[in-house]
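Colleague: Please find one structure pasted underneath; my questions will follow.
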Amino acid sequence: MPRVHLVDLKSVPVHNGLTAPVVKALAGRLERGEQSIVYVNRRGFAPVGVCADCGWQGKCRRCDASLTLHQGSGLLRCHHCGASRNAPLSCPACGQQALYHVGAGTQRVESELGRLFPAARVLRLDSDSTAGKGRLNRPVGYPLGRG
(Lines of atoms letter the chains of each structure in order from A and count residues from 1; the text may use other names and numbers.)
(Lines give C-alpha, C1' and ligand atoms only; values in the text may rest on other atoms or scores of the structure.)
Protein backbone atom coordinates (compact mmCIF):
# COMPACT_ATOMS: atom_id res chain seq x y z
CA MET A 1 0.00 0.00 0.00
CA PRO A 2 1.49 3.40 -0.92
CA ARG A 3 2.19 5.88 1.85
CA VAL A 4 -0.06 8.93 1.97
CA HIS A 5 1.12 12.26 3.31
CA LEU A 6 -1.42 15.04 3.85
CA VAL A 7 -0.29 18.61 3.18
CA ASP A 8 -2.05 21.41 5.07
CA LEU A 9 -2.73 23.96 2.33
CA LYS A 10 -3.27 26.67 4.93
CA SER A 11 0.40 26.49 5.92
CA VAL A 12 2.11 25.70 2.59
CA PRO A 13 2.04 27.98 -0.49
CA VAL A 14 0.42 26.57 -3.62
CA HIS A 15 1.82 27.52 -7.05
CA ASN A 16 -0.18 26.52 -10.13
CA GLY A 17 -1.89 23.78 -8.15
CA LEU A 18 1.25 22.23 -6.67
CA THR A 19 3.08 22.63 -3.35
CA ALA A 20 6.84 22.38 -2.77
CA PRO A 21 6.49 19.06 -0.86
CA VAL A 22 4.52 17.54 -3.75
CA VAL A 23 7.04 18.76 -6.34
CA LYS A 24 9.90 17.37 -4.23
CA ALA A 25 8.18 13.98 -3.89
CA LEU A 26 7.45 13.81 -7.63
CA ALA A 27 11.07 14.72 -8.46
CA GLY A 28 12.34 11.96 -6.17
CA ARG A 29 10.10 9.36 -7.77
CA LEU A 30 11.16 10.43 -11.26
CA GLU A 31 14.84 10.22 -10.27
CA ARG A 32 14.22 6.62 -9.16
CA GLY A 33 12.48 5.81 -12.45
CA GLU A 34 9.10 5.45 -10.75
CA GLN A 35 5.69 6.71 -11.81
CA SER A 36 3.19 8.94 -10.04
CA ILE A 37 -0.45 9.84 -10.29
CA VAL A 38 -1.49 13.39 -9.43
CA TYR A 39 -5.21 13.67 -8.70
CA VAL A 40 -6.84 17.05 -9.32
CA ASN A 41 -10.56 17.27 -8.67
CA ARG A 42 -11.19 20.28 -10.91
CA ARG A 43 -11.49 20.30 -14.70
CA GLY A 44 -10.29 23.10 -16.95
CA PHE A 45 -7.48 25.60 -16.49
CA ALA A 46 -8.79 27.94 -13.78
CA PRO A 47 -12.12 27.82 -11.95
CA VAL A 48 -12.57 31.56 -11.34
CA GLY A 49 -12.04 34.63 -13.54
CA VAL A 50 -11.75 38.00 -11.78
CA CYS A 51 -11.18 41.63 -12.82
CA ALA A 52 -8.43 43.24 -10.75
CA ASP A 53 -9.95 46.70 -11.26
CA CYS A 54 -13.66 46.31 -10.49
CA GLY A 55 -13.92 42.83 -8.93
CA TRP A 56 -16.15 41.35 -11.67
CA GLN A 57 -16.27 37.54 -11.59
CA GLY A 58 -17.24 35.27 -14.46
CA LYS A 59 -20.64 33.80 -13.58
CA CYS A 60 -22.97 31.65 -15.65
CA ARG A 61 -25.92 33.59 -17.07
CA ARG A 62 -28.19 30.56 -16.67
CA CYS A 63 -27.38 29.27 -13.18
CA ASP A 64 -25.00 31.84 -11.60
CA ALA A 65 -22.21 29.29 -10.94
CA SER A 66 -18.58 30.32 -11.50
CA LEU A 67 -17.35 29.83 -15.06
CA THR A 68 -14.18 27.79 -15.57
CA LEU A 69 -11.59 28.84 -18.14
CA HIS A 70 -10.69 26.06 -20.60
CA GLN A 71 -7.37 27.00 -22.13
CA GLY A 72 -7.32 25.08 -25.43
CA SER A 73 -10.75 26.26 -26.56
CA GLY A 74 -10.59 29.72 -24.99
CA LEU A 75 -14.03 29.16 -23.52
CA LEU A 76 -15.53 29.89 -20.14
CA ARG A 77 -17.62 26.83 -19.28
CA CYS A 78 -20.20 26.20 -16.61
CA HIS A 79 -19.62 22.77 -15.11
CA HIS A 80 -23.10 22.81 -13.56
CA CYS A 81 -25.48 23.48 -16.46
CA GLY A 82 -23.15 23.09 -19.46
CA ALA A 83 -23.38 26.67 -20.77
CA SER A 84 -20.28 28.16 -22.40
CA ARG A 85 -19.10 31.39 -23.96
CA ASN A 86 -15.88 32.87 -25.30
CA ALA A 87 -13.50 34.09 -22.63
CA PRO A 88 -13.41 37.90 -22.75
CA LEU A 89 -10.12 39.72 -23.34
CA SER A 90 -11.30 42.69 -21.29
CA CYS A 91 -13.66 42.97 -18.34
CA PRO A 92 -17.34 42.87 -19.41
CA ALA A 93 -18.22 45.22 -16.53
CA CYS A 94 -15.57 47.97 -16.69
CA GLY A 95 -13.77 47.34 -20.00
CA GLN A 96 -10.29 47.15 -18.46
CA GLN A 97 -7.83 44.46 -19.53
CA ALA A 98 -7.23 43.43 -15.92
CA LEU A 99 -8.67 39.91 -15.96
CA TYR A 100 -6.83 37.13 -14.19
CA HIS A 101 -7.74 33.52 -13.53
CA VAL A 102 -7.56 32.07 -10.03
CA GLY A 103 -7.18 28.47 -8.95
CA ALA A 104 -5.85 25.39 -10.67
CA GLY A 105 -7.70 22.86 -12.75
CA THR A 106 -6.34 19.81 -14.53
CA GLN A 107 -5.09 21.85 -17.51
CA ARG A 108 -3.05 24.25 -15.36
CA VAL A 109 -1.54 21.41 -13.30
CA GLU A 110 -0.68 19.50 -16.50
CA SER A 111 1.07 22.59 -17.87
CA GLU A 112 2.99 23.16 -14.64
CA LEU A 113 4.11 19.52 -14.44
CA GLY A 114 5.36 19.74 -18.03
CA ARG A 115 7.29 22.91 -17.19
CA LEU A 116 8.81 21.45 -14.00
CA PHE A 117 9.60 18.02 -15.46
CA PRO A 118 10.22 18.48 -19.21
CA ALA A 119 11.72 14.99 -19.62
CA ALA A 120 8.68 13.29 -18.04
CA ARG A 121 5.62 12.10 -19.92
CA VAL A 122 2.58 13.81 -18.46
CA LEU A 123 -0.89 12.54 -19.31
CA ARG A 124 -4.03 14.45 -18.35
CA LEU A 125 -7.04 12.18 -18.16
CA ASP A 126 -10.36 13.92 -17.59
CA SER A 127 -13.71 14.21 -19.34
CA ASP A 128 -12.34 17.08 -21.46
CA SER A 129 -9.59 14.87 -22.90
CA THR A 130 -11.91 11.97 -23.77
CA ALA A 131 -14.53 11.68 -26.50
CA GLY A 132 -17.82 10.01 -25.74
CA LYS A 133 -18.46 7.70 -22.85
CA GLY A 134 -15.07 6.60 -21.59
CA ARG A 135 -13.34 6.66 -24.99
CA LEU A 136 -9.91 8.24 -25.11
CA ASN A 137 -8.83 10.76 -27.75
CA ARG A 138 -5.27 9.46 -27.42
CA PRO A 139 -3.69 6.25 -26.17
CA VAL A 140 -3.09 5.97 -22.46
CA GLY A 141 0.55 6.45 -21.53
CA TYR A 142 2.22 6.44 -18.18
CA PRO A 143 0.65 9.03 -15.85
CA LEU A 144 3.93 10.75 -14.92
CA GLY A 145 7.19 9.01 -15.63
CA ARG A 146 10.24 8.90 -17.84
CA GLY A 147 10.35 7.29 -21.21
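Numbering (the numbering used here), first residue to last: 1 to 147.
Backbone N, C-alpha and C define an ideal beta-carbon position, used for all residues, glycine too.
Quantities reported herein were computed from a predicted structural model and do not represent experimental measurements.
1) Does the distance from the C-beta atom of R42 to that of S36 stay below 7 Å?
2) Do R108 and G17 count as a contact pair if the criterion is CB distance below 7 Å?
3) Alpha helix (DSSP H) containing S111: first to last residue?
4) Do you know offhand how far T19's Cα is from A65's?
5) Which same chain residues, not among the five before or five after G74, have their C-beta less than 8 Å away from its C-beta?
6) From what residue to what residue does the alpha helix (DSSP H) around V22 run?
7) DSSP on C54, reduced to helix/strand/coil?
8) Where does Y100 sit, in a helix, a strand or coil, going by DSSP?
9) Just to confirm my understanding: we take Y100, look at its own chain, exclude 5 residues before and 5 after, and list those with CB closer than 7 Å. What are they?
Modeller: If we stick to the structure as given:
1) no
2) yes
3) 106-116
4) 27 Å
5) Cβ neighbours of G74 within its own chain (closer than 8 Å, five residues either side excluded): N86, A87.
6) For V22, the uninterrupted alpha helix (DSSP H) segment begins and ends at 20-31.
7) coil
8) Looking at Y100 - three-state DSSP - the assignment turns out to be strand.
9) V50, A52
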